[in-house]
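Worksheet: one structure, shown below.
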Amino acid sequence: KNQVEQSPQSLIILEGKNCTLQCNYTVSPFSNLRWYKQDTGRGPVSLTIMTFSENTKSNGRYTATLDADTKQSSLHITASQLSDSASYICVGGGLILTGGGNKLTFGTGTQLKVEL
Amino acid sequence: NAGVTQTPKFRVLKTGQSMTLLCAQDMNHEYMYWYRQDPGMGLRLIHYSVGEGTTAKGEVPDGYNVSRLKKQNFLLGLESAAPSQTSVYFCASSYPLVNGGNNQPQHFGDGTRLSIL
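Going down the list, the protein sequences come from chains A and B. Those letters in the first sequence? Residues 38 to 153, by the numbering used here. Those letters in the second sequence? Residues 227 to 343, by the numbering used here.
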């Protein structure tokens with residue numbers, strides 16, 4: 038069974054500090070690893086997508102890494118801002134759905150709170 | 227630029243009632259999806275569509291039906307609502323696979339919060 042596990046479940050940091058969120062995945066066959074940001078009461082928004090051959094990808098202050106050998110990914114947030122407070126969801130992209138598209142396995146998210 | 231719009235945003239139903247959730251996207255995406263998000267669980271795929279007039283089952287399809295009569299709209303129906311269907315429902319859309327790749331991000335709406343009493 039495909040699974041995506043994230044740690045920590047929740048995290049509180051001070052504004053301006055850096056943080057790293059972790060993701061372990063068991064997705065087979067594995068195609069790509071995604072990170073989404075979900076603000077409270079909103080839908081998820083894509084941050085990065087990495088294929089199995091990519092090691093890192095950045096989107097502004099967000100940098101994702103992928104180690105396909107150990108099946109681990111991380112999301113590093115630099116110089117955090119209050120607006121970074123959200124749930125960050127790790128998603129494993131696997132087999133192709135019938136007719137196309139990518140079956141995604143979602144983690145339960147890391148709830149990040151940035152405080153003054 | 228609206229992106230993916232879901233209506234209604236909130237709804238309370240009684241057990242046994244029926245309703246339809248509407249999803250509309252203005253990005254000309256081929257693929258559309260319906261997910262549910264429950265506390266302590268990751269999003270789970272209910273049904274999806276790879277084009278106008280086509281639909282397919284996801285991992286939790288029981289109790290739901292869908293229709294995609296127009297490319298921009300994807301409807302999710304509950305024929306006889308049950309308390310177990312209390313959830314937040316998200317619609318998403320994406321471009322199709324390109325050159326065999328599958329790195330298209332899915333764009334999500336802001337959800338419909340559904341409570342069934």
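Heads up, the beta-carbon is just placed ideally off N, CA and C, and yes, glycines get one too.
Short CB-CB distance (under 8 angstroms) between residue i and chain B
| i | result |
| --- | --- |
| F143 (chain A) | yes |
| R98 (chain A) | no |
| T88 (chain A) | yes |
Spatial distance of residue i from residue j (CA atoms)
| i | j | result |
| --- | --- | --- |
| K296 (chain B) | G279 (chain B) | 7 angstroms |
| Q311 (chain B) | E285 (chain B) | 14 angstroms |
| K38 (chain A) | Q298 (chain B) | 33 angstroms |
| L304 (chain B) | C249 (chain B) | 14 angstroms |
| A317 (chain B) | T231 (chain B) | According to the sequence shown, residue 317 (chain B) is Cys rather than Ala. C-alpha separation (whole angstroms): 8 angstroms. |
Where residue i sits in the DSSP three-state scheme
| i | result |
| --- | --- |
| S244 (chain B) | coil |
| D121 (chain A) | helix |
| S47 (chain A) | strand |
| K54 (chain A) | coil |
| Q109 (chain A) | strand |
| Q263 (chain B) | strand |
Residue-level contact to chain A via CB, residue i, 8 angstroms cutoff
| i | result |
| --- | --- |
| N254 (chain B) | no |
| F334 (chain B) | yes |
| Y274 (chain B) | yes |
| F316 (chain B) | yes |
| P234 (chain B) | no |
| A282 (chain B) | yes |
Rounded Cβ spacing between residue i and residue j (contact assumed at less than 8 angstroms)
| i | j | result |
| --- | --- | --- |
| Y315 (chain B) | L271 (chain B) | That pair is no contact at about 12 angstroms. |
Residue closest to residue i, alpha-carbon to alpha-carbon, out of the options
| i | options | result |
| --- | --- | --- |
| Y261 (chain B) | A:L48, A:I133 and A:G80 | A:G80 |
| V128 (chain A) | A:H113, A:T57, A:T63 and A:T100 | A:T63 |
| G266 (chain B) | A:T147, A:L153, A:F89 and A:S120 | A:T147 |
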